[in-house]
């Protein structure tokens, strides 16, 4: 690890491999496994790849390169990089930091659920495979014991053993949000264990987490390969794959399909959150972030595509065993991870083996992303207060304080509200609009191209300049407007409506990041000195300590010197 020995200096990756594996672990996460395959099936199969790839080209790759390059160029975290690049847009960094804090709160809850399932996967009798447990109701049906000729219409008023384990044993769903209930000690221990693992992996900075990713970023691919081979060899697998990929071009006329494609790209590529900026800031200045962005985006997209085969081959098997259509068993998000797949695995020989593989893979995918989320928050605060937080043992104490604070919040957490509002696609899209506008028009897309060329000795394709200036903000703004027009209040389990105060809380979290962008800029203008034009000129000027700015100032000084010498000669 090339860590500077002097106090107050920032760390750098000890090797390019650490950077690539960390970014890979960040972008290849739970959404690749439990969200993309379902969206592809739901929104036209192979036809869904048209809007998906279009969003990748116009928003995903340009913003991925932009955020990574900003971090590498400024060598700063989420907030201070914008303070150096374009002080007027500092609100963009603060909004991204707030979104990361929301992310760090909800993501660990998902990991706690995953760990809970992983522990029970070692049981001799999987608890979600039978109905003879204390939490089961009279409506419980063990579908694993039914033959494929069973009539699905007789099961309309019943629930599967896997569903009841999830809703009654894991979540212990109450009658409403007003009924808080008691703390579940088992889940609390899982949550505490996840926080402990994350703390000890990042408490010393990237010199620790950079080594951890050699395992956490690579082993999930082995697990995915095992599940893929097993899934494709199951009876009914190819029916599931056909449902996954069969193209339905008519669906492309639905705006919802395009909106979900855009949201998936922003979530999957981790753009609009600032995490890529933080990871890029630990690079050496001359690292080729241009080519890195291409290969990492390609790997991310291919992983999502291949994961769909592993998921839908298993769903096809489960549908055949139950004698129903794949559409009846297809789920997304937690429904896929904690209901559909456990139920399908229970129908296979050696069910414990496949559930252990699946949940261990999810756990590692989630931990990688959580590392980066936490590192993004900690690094940004450290760059804001370097004199204090870069002192010996102060970082470790701050990381511990952050983990404990999030843990206490999570004990009474309304996870779905924070996920649906605080980290929603609308928030990320809004941030992306101003992010691209700030670079494309204020800092200058041509100036950004010069910075990338200075770092990599390779000038980006002209299409990136067009995207940063026109296409990315236009597409992001259109998607944001579509999100707001198509807004529907969150329903738990598709039927429970939250009370008004809960929706107000959700909107407060959403607006906290959305309004922070323009309000912070307006505030900077108001507290400045001089005329409005002078204030804007100062706020739109990059820091003189940035490499190209410093070089330009030096050239200007030399020109002034030559002029003076010339005048004296004359």
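In our numbering, the protein residues as written are 1 to 570. Note that CB positions come from ideal geometry on N, CA and C, so glycine has one too.
*Let me know the alpha helix (DSSP H) ranges lying completely inside the region 342 to 413, each 4 residues or longer, listed in chain order.*
351 to 384, 386 to 389, 394 to 410
*What residues match up with residue 140 in a beta bridge as DSSP calls it?*
159
*Does the Cβ of residue 520 have 16 or more other Cβ atoms within 10 Å, making it buried, or fewer, making it exposed?*
buried
*Taking all protein chains shown into account, decide if residue 224 is buried (16 or more other Cβ within 10 angstroms of its Cβ) or exposed.*
buried
*CA-to-CA distance, residue 248 to residue 403, given in whole angstroms*: 46 Å
_Per-residue burial, residue 515 [other beta carbons within 10 Å of its own, 16 or more giving buried]_ = exposed
*Is the region 227 to 244 close to the region 389 to 407, with three or more CB pairs under 8 Å?*
no
_Cβ contact check for the region 268 to 284 and the region 60 to 77: 3 or more pairs under 8 Å_ = yes
_Quick check on residue 492: does DSSP put it in helix, strand or coil?_
strand
*asked:* Is the beta carbon of residue 433 closer than 8 Å to that of residue 471?
replied: no
*Which word fits residue 388, buried or exposed, when buried means at least 16 other C-beta atoms lie within 10 angstroms of its C-beta?*
exposed
*Residues near residue 136 in its chain [Cβ-Cβ closer than 6 Å; skip 5 each side]*: 164
*For the alpha helix (DSSP H) containing residue 9, list its first residue and its last residue.*
Here residue 9 belongs to no alpha helix (DSSP H), and DSSP marks it neither H nor E.
*Three or more C-beta pairs below 8 Å linking the region 285 to 292 and the region 106 to 120*: no
*In chain order, what residues of the same chain have a beta carbon less than 7 Å from the beta carbon of residue 427, not counting five sequence neighbours either side?*
99, 510, 513, 514
_Residue closest to residue 335, alpha-carbon to alpha-carbon, out of 138, 166, 128_ = 166
*Cβ of residue 21 within 8 Å of Cβ of residue 221?*
no
*Return the CA-CA distance between residue 134 and residue 170, expressed in angstroms with no decimal places.*
13 Å
_Residue from 410, 381, 409, 411 with nearest C-alpha to residue 397_ = 381
*Please name the residue, chosen from 205, 448, 507, that lies closest to residue 392 on a Cα-to-Cα basis.*
205
_Cutting at 6 Å between CB atoms, please list the residues of its own chain near residue 532, excluding the five before and the five after it._
none
*Given that a residue counts as buried once 16 or more other Cβ atoms are within 10 Å of its Cβ, and exposed if not, what is residue 343?*
buried
*Starting from the C-beta of residue 140, find all residues in its chain whose C-beta is less than 8 Å away, skip the five residues before and the five after it, and write them out in chain order.*
131, 158, 159, 160, 161, 164
_Using 8 Å as the cut-off, can you tell me whether the region 90 to 105 makes contact with the region 316 to 323, which would need three or more C-beta pairs spanning the two stretches below that distance?_
no
*Among 372, 501, 463, 445, which has the Cα closest to the Cα of residue 209?*
372
*Limits of the alpha helix (DSSP H) - the one that residue 300 falls within*: 289 to 322
*Taking only the alpha-carbon atoms, compute the straight-line gap between residue 507 and residue 260 and give it to the nearest angstrom.*
20 Å
_residue 496 versus residue 505 - alpha carbon distance_ = 17 Å
*Cβ-based burial, residue 286 [other Cβ within 10 Å; buried from 16]*: exposed
*Smallest Cα separation from residue 306: which of 17, 38, 190, 357?*
38
*Residue closest to residue 84, alpha-carbon to alpha-carbon, out of 547, 542, 548*: 542
*Less than 8 Å between the CB atoms is what I'm expecting for residue 227 and residue 40, so what's the real figure, rounded?*
Actually they are not in contact, since the Cβ atoms of residue 227 and residue 40 sit about 18 Å apart, beyond 8 Å.
*Within this structure, are the beta carbons of residue 265 and residue 43 separated by less than 8 Å?*
no
*Can the beta-carbon of residue 46 be found closer than 8 Å to that of residue 365?*
no
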